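My numbering applies: residue 220 is where the sequence shown begins, and numbers increase by one.
From the three backbone atoms N, C-alpha and C, an ideal C-beta is built for every residue, glycine too.
From a predicted model like this one, the values you see are computed outputs, not experimental measurements.
A quick write-up on the structure given underneath.
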Amino acid sequence: MGYTGFSRILLVVSEWIMKFVLTNIVWLVFNLPIVYFVLILLYADTIEKLQLIIVTIAVLAPFFFFPATTAMFGVVRDWILGKNSIPLIPSYWKYYKENYVRSLLGGIIIVPIWSAWLYNFLTSGVKFASISFYFYVAITILLFTFTVHFFSDTVHFQVKLKDSLIKSILLAIGNPHYTIGIAALSGMFVYMLFKYIPVFIPFCMGSIIAYLSFYAYYRIFLKMTSLVEKLEGSVDNTEQNTEESPEK
């Protein structure tokens, strides 16, 4: 029996919710060591313990967080490209294995950048709403967008790690409206989860942020592809007109 009207809408919404939830749970399972230390972090009662746990998480991130997150971006990429029939677990595992080393190396580069930036922010004594505060916010947005572009680029293209890192930072800098949009939507979503429905945090936060981030990345890619095609078409027309012009 086919579904029509409201029943069909409800079915589609339920399927998408289930996809986001299952993907997020798989992502958390592959991040179990980091999840464990994050939970311990909540109960740290001294500065020394806090610092030790944060350093431990930073060390583990390239080995667990980056490969697991890359695989999650691969899964949501398939959704956005219309490949909805691929089973979730095999797809996630495929992206995880294929990109593990690349993600690990990317994490070894990106994690120290984040660590240095956060350390500088925490020790600088920046006052809220000051010029320095907004500068830190701007750089944080740039770093966040650069990082999610790296995940997106890793699963969408087969290029050298150095080229992918350079392209990711250029995309973040060269598309400020998308950069601000990704950060704003992700920030609003996280804020709403923490404020209104924190129980949903383990079930959908990571996968929805990944979906929003890859969607924005893919829009940038389509925009640039269209621009290149227009430029190539313009060059071809110019060359054709030149060849057809009579000699003086």
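Next on the checklist: Am I right that Asn250 and Phe283 are in contact with their C-beta atoms under 8 angstroms? What's the rounded C-beta distance?
Outcome noted: Here the question's residue 250 lines up with position 31 in the sequence shown. Here the question's residue 283 lines up with position 64 in the sequence shown. Right, their Cβ atoms sit about 5 angstroms apart.
Checklist entry - With DSSP run on the structure shown, which of helix, strand or coil describes Thr444? => result Residue 444 sits at position 225 when you count from the first residue of the sequence shown. DSSP places Thr444 in helix when its eight states are reduced to three.
Item to check | C-alpha gap between Leu341 and Tyr355, whole angstroms | outcome: Indexing the sequence shown from 1 puts residue 341 at position 122. Indexing the sequence shown from 1 puts residue 355 at position 136. Using only the alpha carbons, I get a separation of about 11 angstroms.
Checklist entry - For Lys360, which residues from the same chain have a beta carbon less than 6 angstroms from its beta carbon, with the 5 sequence-adjacent residues on both sides left out? => result For this step, residue 360 is matched to residue 141 along the sequence shown. Correcting the residue type first, residue 360 is Ile in the shown sequence and not Lys. Cβ within range, chain order: Ala402.
Checklist entry - DSSP three-state call for Asn243: helix, strand or coil? => result Within the sequence shown, the letter at position 24 stands for residue 243. In the structure shown, Asn243 sits in a helix (DSSP, three-state: H, G or I).
Next on the checklist: Taking the alpha-carbon of Ser426 as reference, which of Glu234, Asn243, Leu229 and Thr444 has the nearest alpha-carbon?
Outcome noted: The residue labelled residue 426 in the question sits at position 207 within the sequence shown. Nearest C-alpha to Ser426: Asn243.
Checklist entry - Phe413 lies in the alpha helix (DSSP H); which residues open and close that run? => result On the sequence shown, residue 413 is found 194 positions in, with the first residue counted as 1. Counting along the chain, the alpha helix (DSSP H) containing Phe413 begins and ends at Pro395 to Tyr415.
Item to check | Ser383 beta carbon less than 8 angstroms from that of Thr373 | outcome: For the purposes of this step, residue 373 is taken as residue 154 along the sequence shown, with counting starting at 1. For the purposes of this step, residue 383 is taken as residue 164 along the sequence shown, with counting starting at 1. Yes; because the gap between Cβ atoms is below 8 angstroms, this pair is in contact.
Checklist entry - Where do the N-terminal and C-terminal ends of the alpha helix (DSSP H) with Glu290 fall, by residue? => result Within the sequence shown, numbered from 1, the residue matching residue 290 stands at position 71. For clarity, residue 290 is Ala in the given sequence; the question names Glu instead. First-last of the alpha helix (DSSP H) with Ala290: Phe284 to Ile299.
Checklist entry - Which residues in the same chain as Thr275 place their Cβ atom closer than 6 angstroms to its Cβ, once the five residues preceding and following it in sequence are excluded? => result Here residue 275 is taken as the residue at index 56 of the sequence shown, counted from 1. Phe256, listed in sequence order.
Checklist entry - Are the region 282–302 and the region 412–430 in contact at 8 angstroms, needing three or more beta carbon pairs? => result yes
Checklist entry - Which residues in the same chain as Phe363 place their Cβ atom closer than 6 angstroms to its Cβ, once the five residues preceding and following it in sequence are excluded? => result Working through the sequence shown from its first residue, we reach residue 363 at position 144. Ala402.
Item to check | Alpha carbon of Ile266 to alpha carbon of Val295, nearest angstrom | outcome: For the purposes of this step, residue 266 is identified with residue 47 of the sequence shown, where counting begins at 1. For the purposes of this step, residue 295 is identified with residue 76 of the sequence shown, where counting begins at 1. In a straight line, the C-alpha of Ile266 is about 38 angstroms away from that of Val295.
Item to check | Residue range of the unbroken alpha helix (DSSP H) whose run includes Gly325 | outcome: Here residue 325 refers to the residue found at position 106 when the sequence shown is read from its first residue. Per DSSP, Gly325 belongs to the alpha helix (DSSP H) from Leu307 to Thr342.
Item to check | Cβ distance (whole Å) where Ser334 is taken to contact Ala287 below 8 angstroms | outcome: Residue numbering aside, residue 334 sits at position 115 when the sequence shown is read from its first letter. Residue numbering aside, residue 287 sits at position 68 when the sequence shown is read from its first letter. Not confirmed; about 19 angstroms, so no contact.
Checklist entry - Distance, Cα to Cα, Leu324 vs Leu279? => result On the sequence shown, residue 324 is found 105 positions in, with the first residue counted as 1. On the sequence shown, residue 279 is found 60 positions in, with the first residue counted as 1. Rounded to whole angstroms, Leu324 to Leu279 spans 13 angstroms at the Cα level.
Item to check | Neighbour-count burial assignment, Thr444, 16 or more Cβ in a 10 Å radius | outcome: Within the sequence shown, the letter at position 225 stands for residue 444. Result: exposed.
Item to check | Inter-residue spacing [alpha-carbon to alpha-carbon] between Gly301 and Val330 | outcome: On the sequence shown, residue 301 is found 82 positions in, with the first residue counted as 1. On the sequence shown, residue 330 is found 111 positions in, with the first residue counted as 1. Answer to the nearest angstrom: the Cα atoms are 32 angstroms apart.
Item to check | Span separating the alpha-carbon of Ile259 from that of Ser226 | outcome: As a working mapping, residue 259 is identified with position 40 in the sequence shown. As a working mapping, residue 226 is identified with position 7 in the sequence shown. The alpha-carbon atoms of Ile259 and Ser226 are separated by roughly 43 angstroms.
Checklist entry - Which residue from Ile388, Leu404 and Trp235 puts its Cα closest to that of Ile299? => result What you label residue 299 is simply residue 80 of the sequence shown in a count that begins at 1. Comparing Cα-Cα distances from Ile299 to each of Ile388, Leu404 and Trp235, the minimum goes to Trp235.
Next on the checklist: Let's test the definition: count the other Cβ atoms within 10 Å of the Cβ of Phe347 and tell me whether it reaches 16, buried, or not, exposed.
Outcome noted: Here residue 347 refers to the residue found at position 128 when the sequence shown is read from its first residue. Label assigned to Phe347: exposed.
Checklist entry - So what's Ala391 in DSSP terms, helix, strand or just coil? => result Position 172 of the sequence shown, counting from 1, holds the residue named residue 391. Three-state DSSP puts Ala391 in a helix.
Next on the checklist: Under DSSP, the alpha helix (DSSP H) around Ser349 begins and ends at which residues?
Outcome noted: Mapped onto the sequence shown, residue 349 falls at position 130. Per DSSP, Ser349 belongs to no alpha helix (DSSP H) and is neither H nor E.
Checklist entry - How would you label Pro281, buried or exposed, when you count the other beta carbons within 10 angstroms and need 16 or more for buried? => result Residue mapping note: residue 281 aligns to position 62 of the sequence shown, counting from 1. Answer is buried; the Cβ neighbour count reaches 16.
Next on the checklist: In the DSSP assignment, the alpha helix (DSSP H) including Leu271 goes from what residue to what residue?
Outcome noted: Numbered from its first residue, the sequence shown carries residue 271 at position 52. Here the alpha helix (DSSP H) through Leu271 covers Ile266 to Leu279.
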